[in-house]
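Under our numbering, the letters of the sequence shown match residues 15 to 429, in that order.
Read through the structure below, which is laid out as structure tokens, and then see the notes.
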Amino acid sequence: LEIDITDADAVARGLEGRSFDLLMFPDVLEHLVEPRQALERLLGTLEDGGHVLVSLPNVAAWTMRLGLLRGRWDYGASGILDDSHLRFFTLRGARELCESAGLEVLRCDQNQMMVRAARDSISRLLVEGRGDPDPTALSRSLPYKLYQGLVRPVEDLIANRSPELLAFQHLIVARKPPARRKLSLTVGMLTMDEEQSAARMIGEIRKVAPDAQILCVDSSTRDRTPQIARELGARVLRQVPPRGHGPAMELLMVSAAAQSELLIYLDCDFTYPPSYIPVLRKLVEEEGADVVNSARTRTKPAAMPWPNFLANRSFAAMAHAMHGIPTVDVHSGMRAYRSSVIRAFEFDGEGDAIPIDTLLYPAKCGYRVIEMAISYDERVGVSKLRKVAGSVWTMIRLVRALPVGKRHGERYEFR
């Protein structure tokens, strides 16, 4: 589509009847006379809870400040002072632009102005010295790849301390604030040889959430679990041969996000009481939570063996120490998610312990997470927990999540 976003009539005609869950403004708004009005004009096409990505050059970068001290404000063909820029933004100004348009800012990231300050000199040395006219030659060069792998992560850590000074470009992740209203619901379960409990569990879910769609990702190989679920009206996605908990959970979350506005998942063995489903639903629909984490381990449940309890609390303590997220249960098997939050991330299901990612990522990226205590009951059937593999993957995911978002979940609450 070719639409002039500065023209209200053109936007109305060109986008009539269309809606989006993501709008991107990469180096666009600084070229407009009225950037706020352009944002407001397009917000009508954004779905409830839909996201907006905005990048804006930082006029307060240290190179700009030094230039002003020297009496220099020189426009050029690109960069912060691109000669086509009409508006200039600091970090505060970038946030205020988004908020004044009615957006909720989730987080602010940046591209650094550190090694980049010498970009022109480095480019001439590495590219022009070889007589290579290809403008992408620098990004394909070995020095650049070494910089991305070794130097850039260190720059990120330093720039996080003072983004107003050290950023070349501010990256704003915002969203249209979700309305507090009734949401279409999917109740999801991962099933594997659950014939003893499947029918009764589906019946209990129907009692507390009669309007919900029920979705099972099933890896059964020994019994009639998938047939029972289908006969009782559940949608069943088969994962055979079984690939493990992570790929199954990834499939469940992605499939649920495509068919409804809210996912509540729980195990199919009655360890997590289905009676809590309306409570989780209310926290999202009426109190504005994005994720609800049901914590089993604030105190030791009678149904949980001591080794399992101590392992869970130890992993939660590690998550708190490494990421600043004060959870007491990183492996809960009962959670609620807005579908817009699921779509905001690309969760990697390969391996075990994916609940680490699906809790820490939203908590560190500005979403509202509520952790509530629940009871934990005796299991119906046999446990499928892979203790050694789960522990190894927990450590891997705790380390792998370190670069994601910001330390300390400022919107992590307890109930």
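Every residue, glycine too, gets a C-beta built ideally from N, C-alpha and C.
Problem - Neighbourhood of A131 by C-beta, 6 Å cutoff - its chain only, sequence neighbours within 5 removed - result: Start at 1 with the first residue of the sequence shown, and residue 131 comes out as number 117. By the criterion of a C-beta distance shorter than 6 Å, A131 is surrounded in its chain by T77, once the five residues flanking it on both sides are discounted.
Handout entry: For R425 and D283, the rounded distance between their alpha carbons
Key = To locate residue 283, count along the sequence shown from 1; it is residue 269. To locate residue 425, count along the sequence shown from 1; it is residue 411. Distance between the alpha carbons of D283 and R425: 31 Å.
Practice task
Assess, as a yes-or-no matter, whether the region 280-296 is touched by the region 352-366 under the definition of 3 or more beta carbon pairs within less than 8 Å.
Solution key: Verdict: no, contact absent.
Practice task
Kindly indicate which residue of H422, V418, E427, F428 has the alpha-carbon position closest to the one of P167.
Solution key: In the sequence shown, counting from the first residue as 1, residue 167 sits at position 153. Of H422, V418, E427, F428, the residue nearest in Cα terms is V418.
Exercise for the section: Quick one: residues in its chain with C-beta nearer than 7 Å to the C-beta of V165, no 5 flanking neighbours on either side, listed in chain order? Expected result: As a first step, residue 165 must be located in the sequence shown, where it is residue number 151. Leaving aside the five residues that flank V165 on each side, the residues in its chain whose CB is nearer than 7 Å to its CB run, in chain order, V129.
Problem - Beta-ladder partner(s) of G90, from DSSP - result: Mapped onto the sequence shown, residue 90 falls at position 76. BP columns for G90 point to D96.
Practice task
Check each candidate in M332, M348, E392 and name the one with the smallest Cα separation from I410.
Solution key: The residue you call residue 410 lines up with position 396 of the sequence shown. With respect to the C-alpha of I410, the residue from M332, M348, E392 having the closest C-alpha is M332.
Exercise for the section: Return helix, strand or coil for Q210, following the three-state DSSP convention. Expected result: Here residue 210 refers to the residue found at position 196 of the sequence shown. Under the three-state reduction of DSSP, Q210 is assigned to coil, being neither helix nor strand.
Problem - Whole-Å CB distance - S308 paired with S346, under 8 Å assumed - result: One-based indexing of the sequence shown puts residue 308 at position 294. One-based indexing of the sequence shown puts residue 346 at position 332. Right, the Cβ-Cβ distance comes to about 5 Å (below 8 Å), so this counts as a contact.
Exercise for the section: Taking all protein chains shown into account, decide if M38 is buried (16 or more other Cβ within 10 angstroms of its Cβ) or exposed. Expected result: Taking the first residue of the sequence shown as position 1, residue 38 is located at position 24. The residue in question, M38, is exposed, as its Cβ has fewer than 16 Cβ neighbours within 10 Å.
Exercise for the section: Closer than 7 Å by C-beta to D237: which residues in its own chain qualify, once you throw out the five before and the five after it? Chain order, please. Expected result: Translated into positions along the sequence shown, residue 237 becomes position 223. Here the set comprises D207, E209.
Handout entry: Proximity of R195 and E299 at Cβ, strictly below 8 Å
Key = Position 181 of the sequence shown, counted from the first residue, corresponds to residue 195. Position 285 of the sequence shown, counted from the first residue, corresponds to residue 299. The criterion of a C-beta distance shorter than 8 Å is satisfied by R195 and E299.
Exercise for the section: Give me the Cα-Cα distance between N326 and A387, rounded to the nearest whole angstrom. Expected result: Taking the sequence shown and counting its residues from 1, one reaches residue 326 at position 312. Taking the sequence shown and counting its residues from 1, one reaches residue 387 at position 373. Straight-line spacing of the CA atoms in N326 and A387 works out to 14 Å.
Exercise for the section: Using only alpha-carbon positions, find the residue among L29, R249, G163, I17 that is nearest to C60. Expected result: Working through the sequence shown from its first residue, we reach residue 60 at position 46. Checking the sequence, you will find Leu at residue 60 rather than Cys. Closest in alpha carbon position to L60, among L29, R249, G163, I17, is L29.
Problem - Cα-Cα separation, I368 to T150 - result: Within the sequence shown, numbered from 1, the residue matching residue 368 stands at position 354. Within the sequence shown, numbered from 1, the residue matching residue 150 stands at position 136. Rounded to the nearest angstrom, the two C-alpha atoms are 37 Å apart.
Practice task
Go through its chain and collect everything with a Cβ distance to V47's Cβ below 8 Å, but skip five positions before and after it.
Solution key: The count along the sequence shown starts at 1 and reaches residue 47 at position 33. T20, L100, R101.
Exercise for the section: Would you mind giving the Cβ-Cβ distance between R421 and H334, rounded to the nearest angstrom? I have them listed as a contact below 8 Å. Expected result: Counting from one through the sequence shown, the residue named residue 421 turns up at place 407. Counting from one through the sequence shown, the residue named residue 334 turns up at place 320. Contact flag wrong, Cβ pair sits at about 11 Å.
Practice task
Could you say which of G202, D343, A272, R133 lies nearest to P315 if we only look at CA atoms?
Solution key: Working through the sequence shown from its first residue, we reach residue 315 at position 301. Checking every option, the nearest Cα to that of P315 belongs to D343.
Problem - Boundaries (first-last residue) of the alpha helix (DSSP H) holding L83 - result: The count along the sequence shown starts at 1 and reaches residue 83 at position 69. 76-83 is the span of the alpha helix (DSSP H), which, as asked, contains L83.
Problem - For T408, the first and last residue of its enclosing alpha helix (DSSP H) - result: Here residue 408 is taken as the residue at index 394 of the sequence shown, counted from 1. T408: member of the alpha helix (DSSP H) spanning 401-414, first to last residue.
Practice task
Look up I242 in the DSSP assignment and give the residues it is bridged to.
Solution key: By one-based count along the sequence shown, residue 242 stands at place 228. Per DSSP, none; premise fails for I242.
Handout entry: Residues near E113 in its chain [Cβ-Cβ closer than 7 Å; skip 5 each side]
Key = Counting from 1 along the sequence shown, the entry for residue 113 is found at position 99. Cβ neighbours of E113 beyond the five flanking positions: V119.
Problem - Helix, strand or coil at M267 [DSSP, three-state] - result: Position 253 of the sequence shown, counted from the first residue, corresponds to residue 267. If DSSP states are grouped into helix, strand and coil, M267 belongs with the helices.
Exercise for the section: Inspect the CB distances between the region 176-183 and the region 243-253 and report whether three or more fall short of 8 Å. Expected result: Taking 8 Å as the limit for Cβ pairs, the verdict is that the region 243-253 does not touch the region 176-183.
Exercise for the section: Run the CB neighbour count on D126, radius 10 Å, all protein chains shown included, and call it buried at 16 or more, exposed below. Expected result: Position 112 of the sequence shown holds residue 126. Sequence inspection shows Gln at residue 126; the Asp mentioned does not correspond to that position. Answer is buried; the Cβ neighbour count reaches 16.
Practice task
Starting from the C-beta of M348, find all residues in its chain whose C-beta is less than 6 Å away, skip the five residues before and the five after it, and write them out in chain order.
Solution key: Translated into the one-based positions of the sequence shown, residue 348 becomes position 334. Closer than 6 Å at Cβ, skipping near neighbours: L280, Y286, S308.
Problem - Sub-8 Å separation of D232 and V250 beta-carbons - result: In the sequence shown, the residue the question calls residue 232 occupies position 218. In the sequence shown, the residue the question calls residue 250 occupies position 236. The criterion of a C-beta distance shorter than 8 Å is satisfied by D232 and V250.
Handout entry: N174 in three-state terms, based on DSSP
Key = Start at 1 with the first residue of the sequence shown, and residue 174 comes out as number 160. Coil at N174, not helix or strand.
Problem - L70 and Q183 closer than 8 Å at C-beta - result: In the sequence shown, the residue the question calls residue 70 occupies position 56. In the sequence shown, the residue the question calls residue 183 occupies position 169. Cβ distance < 8 Å, so L70 and Q183 count as in contact.
Exercise for the section: Just mark Q273 as buried or exposed, buried being the case when its beta carbon has 16 or more other beta carbons within 10 Å. Expected result: Within the sequence shown, numbered from 1, the residue matching residue 273 stands at position 259. Q273 should be labelled exposed.
Handout entry: Residues near A213 by beta carbon distance below 8 Å, same chain, minus five either side
Key = Numbered from 1 along the sequence shown, position 199 holds the residue referred to as residue 213. Counting only Cβ-Cβ distances below 8 Å, and skipping sequence neighbours, we find I242, L246.
Problem - 8 Å CB neighbourhood of S289 in its chain, flanking five on each side removed - result: Here the question's residue 289 lines up with position 275 in the sequence shown. Non-local C-beta neighbours of S289 in its own chain, meaning closer than 8 Å and more than five positions away in sequence, comprise E218, V222, ordered along the chain.
Problem - Nearest-angstrom Cα separation, counted from Q51 out to A248 - result: Indexing the sequence shown from 1 puts residue 248 at position 234. Indexing the sequence shown from 1 puts residue 51 at position 37. Rounded to whole angstroms, A248 to Q51 spans 46 Å at the Cα level.
Handout entry: Same chain, Cβ closer than 7 Å to D366, five either side skipped, listed in chain order
Key = Your numbering for residue 366 matches position 352 in the sequence shown. Once the five neighbours on either side are set aside, the close Cβ partners of D366 are G258, H259, G260, R400, A403, G404, W407.
Handout entry: Residue closest to V187, alpha-carbon to alpha-carbon, out of I370, C122, S92
Key = Indexing the sequence shown from 1 puts residue 187 at position 173. The candidate whose alpha carbon is nearest that of V187 is C122.
Exercise for the section: State the start and end residues of the unbroken alpha helix (DSSP H) segment that holds F329. Expected result: If you number the sequence shown from 1, residue 329 lands on position 315. For F329, the enclosing alpha helix (DSSP H) covers residues 320-337.
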